[in-house]
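Each protein sequence line maps, in turn, to chains A and B.
Heads up, the first sequence is in this note's numbering, so the first residue is 1296 and it goes up one at a time.
Heads up, the second sequence is in this note's numbering, so the first residue is 612 and it goes up one at a time.
Note that beta-carbon positions come from the ideal geometry of N, C-alpha and C, so glycine has one too.
Since this is a predicted model, take the numbers as computed values, not measurements.
Below: one structure, written as structure tokens.
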Amino acid sequence: MRLPALILVFLPLSIWAQDTSLNFSVQLLSLQSTYSPSSHYDKGRHVIGYQGQFAFSRYSTSSLFLNQQSDIGYSTRYKNHSFAFYLQAYSDEFTRNQNLQLHYAYTFKLKTNILGKNLAIIPGIGYSYHRERMDFSKLRFPDQIASGSGFIIPTSELPPSENIYYSALQGSALLRSENFFLQLQIENFNEPLISYYPNDVPDTGEGSTYLPIIYSLNNAIKLKRYRSFDFWITGCSVHSQDFIMRYAGLGAITSFKEKYILSYTIYLNQSSEISLGYYTQSIRSFIRYQNSPDSFLTYFEFGKYSLGIAYAIGKQ
Amino acid sequence: MKSIILIWMILFLGCKKQDSSDVVQLYIPNAFYPNSNVQCPSSDPVCNRNFTIKFSDRSKLHSFEMYIYNSNQIEVYHTTIPEYGWNGRSQNIGAECAYGTYPYLIRYTDINQEVFIVSGNVLLIR
């Protein structure tokens, strides 16, 4: 039994009021140790986790809780298959989003050596229920500003509600062996409506008032083993319906002495990341640097306990 | 007498004093709603449907440039005409941009050719 998993993430950046699209606070969440637990551990595990993100403004003496998240995960493994579920409660002050997520993953070992030893297919499905809130009293619409004087006057642009509620579905499939992995993930495939003015949604079918579907594809192939070094080549691509969010043309993972992993990825949209990991039976750790935005992240697991610390530099 | 001339030269020749009435003040909204049904005044026919900058005195403005980017730092709008606001579409004619926060950069000069740069974020609501 592994408990608790604890991830502390620190984010010093200038506060943007109600920034609904600050992506990099979300990127760091991909670190969750509790996500798909059965894909990482052979014997299964229980997880209770807590994660808090804080923002420190250099002009302020106080910090602000950006988001908090609690996780409960459970996985178990049988001879040829395993299953895992994962429940997460999440609250974000930045995006004013609160949600409850439930994920279920099933691992099934395939008895073939076509793509390497221990080939397994892991389908998964996730459901999340979201509540998003906007404080309209802090917004300044153009009709509130008097030309010439700049006086602020009341607006008539008030929505029916300051809250929106929606459900989102996601699914993924991972095919992996000792020499290969390929993962496809589809998020928001039910395209939930996220409008504060649902009565005004145009019938033109343009999807901008709906949360766009996001497709992610990740893959890695072991190229060669030379002495104690394994060379892998990786690729990843993340697309939404409207534009490519990020994609990698070149990635490399080198592991040596079965303990150290060095990975390097260049995203073709001009960002890159490099990480160095150290993995043994009792210790799993890595440190990662990513540019755009500049962020450092380190993560440790000692036996039953996990700790992650991130430092990101926001650009405004 | 020499000192009087010197003071006169400093006051009227050496120092160029900026008249406070020459300063152009920008009034920038932080949200807009392209599908707005609000009834607009005739002086501002698109009001909340566009992200438009207002000025304390438009006649004191010499040049103006505004750039708006999405969260992937891709330019979604650029204009040099202050009255042409952003309507929430890519370059005002392309696809509708999604609900979210968009950073902007405004560079303008006043009639004294003094350069000002203003940046911030605007929330596009759907």
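Proximity below 8 Å, CB of residue i to CB of residue j
| i | j | result |
| --- | --- | --- |
| A:SER1423 | A:ALA1468 | no |
| B:LEU734 | B:GLY699 | no |
| A:GLN1396 | A:SER1386 | no |
| B:LEU716 | B:TYR678 | yes |
| B:TYR680 | B:TYR638 | no |
| A:LEU1488 | A:TYR1510 | no |
| A:PRO1437 | B:CYS658 | yes |
| A:ARG1435 | B:ASN641 | yes |
| A:GLU1452 | B:VAL649 | yes |
| A:SER1365 | A:THR1371 | no |
| B:ASN646 | A:TYR1492 | yes |
| A:TYR1584 | A:ILE1569 | yes |
| A:THR1450 | A:GLN1465 | no |
| A:LYS1517 | A:ASN1474 | yes |
| A:THR1402 | A:ILE1420 | no |
| B:GLY711 | B:SER730 | no |
| A:SER1590 | A:TYR1573 | no |
| A:SER1472 | A:PRO1507 | no |
| A:SER1577 | A:TYR1594 | no |
| A:ALA1400 | A:ALA1415 | no |
| A:PHE1431 | A:PRO1454 | yes |
Boundaries (first-last residue) of the beta strand (DSSP E) holding residue i
| i | result |
| --- | --- |
| A:GLN1465 | 1458–1471 |
| A:ALA1400 | 1392–1404 |
| A:GLU1427 | 1415–1428 |
| A:ILE1578 | 1578–1585 |
| A:ILE1621 | As displayed, chain A neither begins before 1296 nor continues past 1611, which places residue 1621 of chain A out of reach and without an answer. |
| B:GLU686 | 686–690 |
| B:ASN732 | 726–735 |
| A:PRO1493 | No beta strand (DSSP E) holds A:PRO1493; DSSP gives it neither H nor E. |
| B:LEU672 | 672–680 |
| B:PRO714 | 711–721 |
| A:SER1590 | 1590–1597 |
Cβ neighbour criterion (16 or more within 10 Å) applied to residue i
| i | result |
| --- | --- |
| A:LYS1412 | exposed |
| B:TYR719 | buried |
| A:GLN1327 | Note that A:GLN1327 has pLDDT 37, beneath the 50 cutoff, so the model's placement of it is unreliable and no number is given. |
| B:PHE727 | exposed |
| B:VAL635 | buried |
| B:THR663 | buried |
| B:ARG737 | buried |
| A:GLU1596 | buried |
| B:ILE722 | exposed |
| B:PHE666 | buried |
| A:ALA1441 | exposed |
| A:LEU1592 | buried |
| A:PHE1476 | buried |
| B:HIS673 | exposed |
| B:PRO656 | exposed |
| A:PHE1446 | exposed |
| B:GLY705 | exposed |
| A:TYR1381 | buried |
| A:ALA1384 | exposed |
| B:ARG738 | Residue coverage of chain B in this structure runs from 612 to 737, which leaves residue 738 of chain B outside it and unanswerable. |
| A:LYS1478 | Sequence inspection shows Gln at residue 1478 of chain A; the Lys mentioned does not correspond to that position. By the 10 Å Cβ count, A:GLN1478 comes out buried. |
| B:GLU686 | exposed |
| A:PHE1484 | exposed |
| A:ASN1408 | exposed |
| A:ASN1318 | Any answer about A:ASN1318 is weak, because its pLDDT of 29 lies below 50 and its placement is not dependable; what the coordinates show is given next. By the 10 Å Cβ count, A:ASN1318 comes out exposed. |
| B:GLY696 | buried |
| B:ASN732 | buried |
| A:ILE1459 | buried |
| A:GLU1482 | buried |
Closer than 8 Å to chain C by CB, residue i
| i | result |
| --- | --- |
| B:ASN698 | Structure shown: chain C not included; protein chains present are A and B. |
### Query
For the region 663–674 of chain B, which residues have a CB atom closer than 7 Å to at least one CB atom of chain A, in sequence order?
THR663, LYS665, SER667
#### Entry: Under 9 Å (Cβ pairs) to chain A, residues found in the region 702–727 of chain B
ALA706, GLU707, CYS708, ALA709, TYR710, GLY711, THR712, TYR713, PRO714
### Task
Using a Cβ-Cβ cut-off of less than 7 Å, list which residues of the region 636–649 of chain B approach chain A; keep chain order.
GLN636, TYR638, PRO640, ASN641, ALA642, PHE643, TYR644, ASN646, SER647, ASN648, VAL649
#### Entry: Interfacial residues, the region 1424–1443 of chain A to chain B, with Cβ spacing under 9 Å
MET1429, PHE1431, LYS1433, LEU1434, ARG1435, PHE1436, PRO1437, ASP1438, GLN1439, ILE1440, ALA1441, SER1442, GLY1443
### Against chain B: residues of the region 1459–1484 of chain A by CB proximity under 9 Å
none
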